[in-house]
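Before any comments, here is the structure.
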Amino acid sequence: MSILVVGSVAFDSVKTPFGERDRILGGSATYFSVAASFFTKVRVVAVVGDDFGPAEEAVFSDREVDISDLERVSGRSFYWSGEYGYDLNVAETRDTQLNVFADFKPKLSADAKETPYLFLGNIQPQLQVEVREQVGAKLVAADTMNYWINNTPDELGEMLKRVDLLIINDAEAREIGKEANLVRAARRILTMGPTRLVVKRGEYGVAMFTGHSYFATPAYPLEEVFDPTGAGDSFAGGFMGYLAATNATDEAAVRRAIIYGSVMASFNVEEFGCERMRRLTYDEINARFRELRAFSHFEEAEMPPF
Ligand code: AMP
């Protein structure tokens, strides 16, 4: 089954303790679709300006991502500038310029409207709602970030009512749930619309909550993290990609999807931008899946009374 993603296609200026890049291709929809493209067909809904040229287009076409619903208008593409200190789990936003996204009105093609799996990547919540209303998908997942939680809380509330699954980081979960304790925040979020909440915890892994189940896994232990930008989106791409590829949404499939998401995110952060993902192989993906499974596998035991 195929996936439709709406989100930012952006130029990013990123500074980490290991280096700096100016105006490289990024954006939530970009990272998501490159990761998901290893699993299934992906179609992107977004808008770009005339700074989006053949080199940027190649990032999508090399992975056979369908960009026929990518609108091109005159002006500048979305721009984000961020910096990470030694705690790579925390990005400090230096600048956000919506540019062509400010007036974007997504008009989906007939094929796009029939896509069974929909991911509402991080972008204005009102745009996420506009796309959600046009697609009769089987499974709808979404992401957001503090920028929208703080600036457009009402629109965010409307978006939450329309999704099955929310994939956010722990700080965002605490802000949306208005609770310092993550478990309590999750319970609260599960009353706002989504029936499943996936919480990304950076180098500490992922936790997943439903009304009646809990699952958690560590992150792949990397010695070198160059650029955490896009980790969340490539996680979501691997996660949704696996679900769409197998067309399964039962608990066992969702747990495996969490591992595939973690694997894709771990590769993405090894280099700046999409560089690492562009030469990733299936052998590498499968080997890391097996390792991650082994890292947290343990046998059942029972202590006899002492
Ligand atoms: P993440 O996976 O959370 O690291 O997302 C990183 C990407 O999100 C970057 O490539 C940015 O271009 C994009 N981004 C940053 N801020 C926003 C925002 N407010 N809305 C949409 N996309 C954003």
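Each residue of the sequence shown is one higher than the one before, counting from 274 in the working numbering. For glycine and all other residues, C-beta sits at the position ideal for the given N, C-alpha and C.
Short note on residue 283: C-beta closer than 6 Å to some heavy atom of ligand 1. Under DSSP, the beta-bridge partners assigned to residue 489 are 480. Following the DSSP letters along the chain, one finds residue 565 in no beta strand (DSSP E) but inside the alpha helix (DSSP H) bounded by residues 555-568. Around the Cβ of residue 363, a 10 Å sphere holds fewer than 16 other Cβ atoms; the residue is exposed. For residue 535, the enclosing alpha helix (DSSP H) stretches over residues 524-541.
The beta carbon of residue 522 sits no closer than 6 Å to any heavy atom of ligand 1. For residue 502, the Cβ falls inside the 6 Å cut-off from some heavy atom of ligand 1. In the DSSP annotation of this structure, the continuous segment of the beta strand (DSSP E) that includes residue 356 starts and ends at 351-357. Looking at the backbone, the Cα of residue 301 and that of residue 479 are separated by about 19 Å.
Secondary structure note for residue 335: it is in no beta strand (DSSP E), with a DSSP letter that is neither H nor E.
Nearest neighbour of residue 428 by Cα position, chosen from 414, 437, 403, 439, turns out to be 403.
Taking C-beta separations shorter than 8 Å and ignoring five residues to either side along the sequence, the partners of residue 345 in its chain run 320, 321, 322, 323, 325, following chain order.
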